[in-house]
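Mind the numbering: the sequence shown is residues 77 to 177 in my numbering, read in order. Every residue, glycine too, gets a C-beta built ideally from N, C-alpha and C. All values derive from a computational prediction rather than experimental measurement.
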Amino acid sequence: MPSDRRHSEVRSKFGENLRLARKDRDLSQEELAFRSRLHRTEISALERGLREPRLSVLVKLAAALDVSAEAFFEGIEWRRSKPREASPGRFHVSPNSQGQS
Numbered sequence: 077m078p079s080d081r082r083h084s085e086v087r088s089k090f091g092e093n094l095r096l097a098r099k100d101r102d103l104s105q106e107e108l109a110f111r112s113r114l115h116r117t118e119i120s121a122l123e124r125g126l127r128e129p130r131l132s133v134l135v136k137l138a139a140a141l142d143v144s145a146e147a148f149f150e151g152i153e154w155r156r157s158k159p160r161e162a163s164p165g166r167f168h169v170s171p172n173s174q175g176q177s
């Protein structure tokens, strides 16, 4: 699978996990934006998998939702390559995983 597609899947899964955590707390994107001191359009772009969050954004979102940062990575893992491959590894998104918070 091409690297761009894998990264797109990772962004999409992160966004799905973020959206589930937000909805579990019955918050609108606007309310989450206010609580996290981010712009609502950034929340929207993250949930739709259009952007990858910076570390500072990840910390703000986790605090605003009162979840661990790990909750956003449910179903996303890094797999090491085989010893003789040139690549150090790749991301993998579990196809049947459900976001949990």
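query                                                                                          : result
Residue range of the alpha helix (DSSP H) that includes Val143                                 : No alpha helix (DSSP H) contains Val143, which DSSP labels as neither H nor E.
Assigned secondary structure, Arg111 (DSSP; H/G/I helix, E/B strand, else coil)                : helix
Which listed residue (Ser170, Ala139 and Glu123) has its alpha carbon closest to that of Asn93 : Glu123
Collapsed DSSP secondary structure at Arg95 in the structure displayed                         : helix
Anticipated Cβ contact below 8 Å, Ser120 with Leu137, distance rounded                         : Actually they do not touch by this definition, with Cβ atoms about 13 Å apart.
Boundaries (first-last residue) of the alpha helix (DSSP H) holding Ser120                     : Arg116 to Glu123
CB-CB length for Leu141 against Ala97, believed under 8 Å                                      : 5 Å
Rounded C-alpha distance that separates Glu146 from Arg116                                     : 22 Å
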